[in-house]
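>
There are 2 protein chains.
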Amino acid sequence: MKLENDQCQCRTIHDDKVMEARQRELGEEVTDDLCQTFKALGDPSRLKILWALEYEEMCVCDLAALLRISESAVSHQLRLLRTLRLVKNRREGTILYYRLADEHVSQLVRIAMEHISEIK
Amino acid sequence: MKLENDQCQCRTIHDDKVMEARQRELGEEVTDDLCQTFKALGDPSRLKILWALEYEEMCVCDLAALLRISESAVSHQLRLLRTLRLVKNRREGTILYYRLADEHVSQLVRIAMEHISEIK
DNA sequence: TTATTATATGAGCACATACTCAGATAATAG
DNA sequence: CTATTATCTGAGTATGTGCTCATATAATAA
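In order, the protein sequence lines correspond to chains A and B.
Under the numbering used here, the first residue of the first sequence is numbered 1, with each subsequent residue one higher.
Under the numbering used here, the first residue of the second sequence is numbered 1001, with each subsequent residue one higher.
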């Protein structure tokens, strides 16, 4: 058992493991991008929006009616999902129809469902 | 174009779509469980922990040294990950070695990486 | 042009959460 | 038993975030 004090007072028991793990570490930017994606899926309103859009495109009004929250709230969430390129939209007159940007959301939800069904 | 005011002042443009979406809606409990899982992956410290454990089991000290945060902070996060059955541990004397509970975390991270790499 | 409809957006607030700190447990050594 | 080591945990705090409200913008209709 080995003790080592560095400036942040961290004890390190297995230096070799820590060193190896550092080789494999994700960059800060990649980590943050991944977290933003997962965080987007980690809110009930946004997850419901994405789940609804997996089946067919919908407008802001429809999503607000479905989730029983304000259109403003939906719009705020859609902006975030747009920024993360999880949804896209197309305009038809004054109406904006939103849809999933790609297959990844569906895949992520499906795997997470597998997980929660196996641990219950 | 159809206007309909219910008690929560929501306009619904496409009643049919909303009705269909309601049939497919996830239950509240499933939604919350999914969100908790994604939220767990949506924090940089927890994601780094999970990413490290994907390669090999590690103890609290090692993870604290790797992430350069306190052991207490690591322990708090590991408790959450344990509750969500994302990690497991085994005891060897006073040391607890943590590892991933199943394959789902790896799969989720891999798909999320695909997503962020395709949108850059 | 003005009016209407659908959506977007900034500010503010209430609640959630990730950390620190102090102290409690659990296993082992002497 | 006591001392030490590794980990856990509750309370407090600072930051983050999801909503509401008011207002702005964009496309269409009259």
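Glycine included, every Cβ here is placed at the ideal spot set by N, Cα and C.
#1: So which residues of chain A does V1074 (chain B) contact, with C-beta pairs closer than 7 angstroms?
#2: Can you tell me whether A73 (chain A) is buried or exposed? The criterion is at least 16 other CB atoms within 10 Å of its CB, across all chains shown.
#3: Taking just the CA atoms, how far does R85 (chain A) sit from E1114 (chain B)?
#4: What is the DSSP secondary structure of K1017 (chain B), counted as helix, strand or coil?
#5: Give a yes or no on contact between the region 42-50 of chain A and the region 1016-1033 of chain B, applying the rule of three or more CB pairs nearer than 8 angstroms.
#6: When burial is assigned at 16 or more other CB atoms within 10 Å of the CB, is T37 (chain A) buried or exposed?
#7: Count the other C-beta atoms from every protein chain shown that fall within 10 angstroms of the C-beta of M1001 (chain B), then say buried if there are 16 or more, exposed otherwise.
#8: Quick check: the Cα distance between E1056 (chain B) and R1068 (chain B), rounded to an integer number of angstroms?
#9: Cβ of D1062 (chain B) less than 7 angstroms from any chain A Cβ?
#10: In angstroms with no decimal places, state the Cα-to-Cα distance between I1011 (chain B) and Q1023 (chain B).
#11: Buried or exposed: M1058 (chain B), going by 16 or more other Cβ atoms within 10 Å of its Cβ?
#12: Any residues in the region 83-96 of chain A with a beta carbon nearer than 9 angstroms to a beta carbon of chain B? Which ones, in chain order?
#13: What is the DSSP secondary structure of D1084 (chain B), reduced to helix, strand or coil?
#14: In the DSSP assignment, find the alpha helix (DSSP H) that holds I1069 (chain B) and state where it starts and stops.
Looking at the coordinates:
#1: Taking the first residue of the second sequence as 1, we reach residue 1074 (chain B) at position 74. Per Cβ cutoff of 7 angstroms: no residues; V1074 (chain B) is ~10 angstroms from chain A at best.
#2: Reading the first sequence from its first residue, position 73 is the one you call residue 73 (chain A). Flag for A73 (chain A) reads exposed.
#3: Counting from 1 along the second sequence, the entry for residue 1114 (chain B) is found at position 114. Counting from 1 along the first sequence, the entry for residue 85 (chain A) is found at position 85. Approximately 13 angstroms between the Cα atoms of the pair.
#4: By one-based count along the second sequence, residue 1017 (chain B) stands at place 17. DSSP places K1017 (chain B) in helix when its eight states are reduced to three.
#5: yes
#6: Within the first sequence, residue 37 (chain A) is the residue found at index 37, counting from 1. Burial call: buried.
#7: Locating residue 1001 (chain B) in the second sequence gives position 1, where the first residue counts as 1. Any reading at M1001 (chain B) must be qualified, since the residue scores a pLDDT of 29, below 50, and its modelled position is unreliable; no value is offered.
#8: Residue mapping note: residue 1056 (chain B) aligns to position 56 of the second sequence, counting from 1. Residue mapping note: residue 1068 (chain B) aligns to position 68 of the second sequence, counting from 1. Between E1056 (chain B) and R1068 (chain B), the C-alpha separation is close to 18 angstroms.
#9: For the purposes of this step, residue 1062 (chain B) is taken as residue 62 along the second sequence, with counting starting at 1. Cβ-Cβ to chain A under 7 angstroms: yes for D1062 (chain B).
#10: One-based indexing of the second sequence puts residue 1011 (chain B) at position 11. One-based indexing of the second sequence puts residue 1023 (chain B) at position 23. Residue 1011 (chain B) is actually Arg in this sequence, not Ile. If I take the Cα positions, the gap works out to 20 angstroms.
#11: As a first step, residue 1058 (chain B) is located in the second sequence; it is residue number 58 there, counting from the start. Buried: at least 16 other Cβ atoms inside 10 Å.
#12: L84, R85, L86 and I95
#13: Locating residue 1084 (chain B) in the second sequence gives position 84, where the first residue counts as 1. Per the sequence shown, residue 1084 (chain B) should be read as Leu rather than Asp. L1084 (chain B) falls in the coil class under three-state DSSP.
#14: Position 69 of the second sequence, counted from the first residue, corresponds to residue 1069 (chain B). Neither: I1069 (chain B) is in no alpha helix (DSSP H) and is coded neither H nor E.
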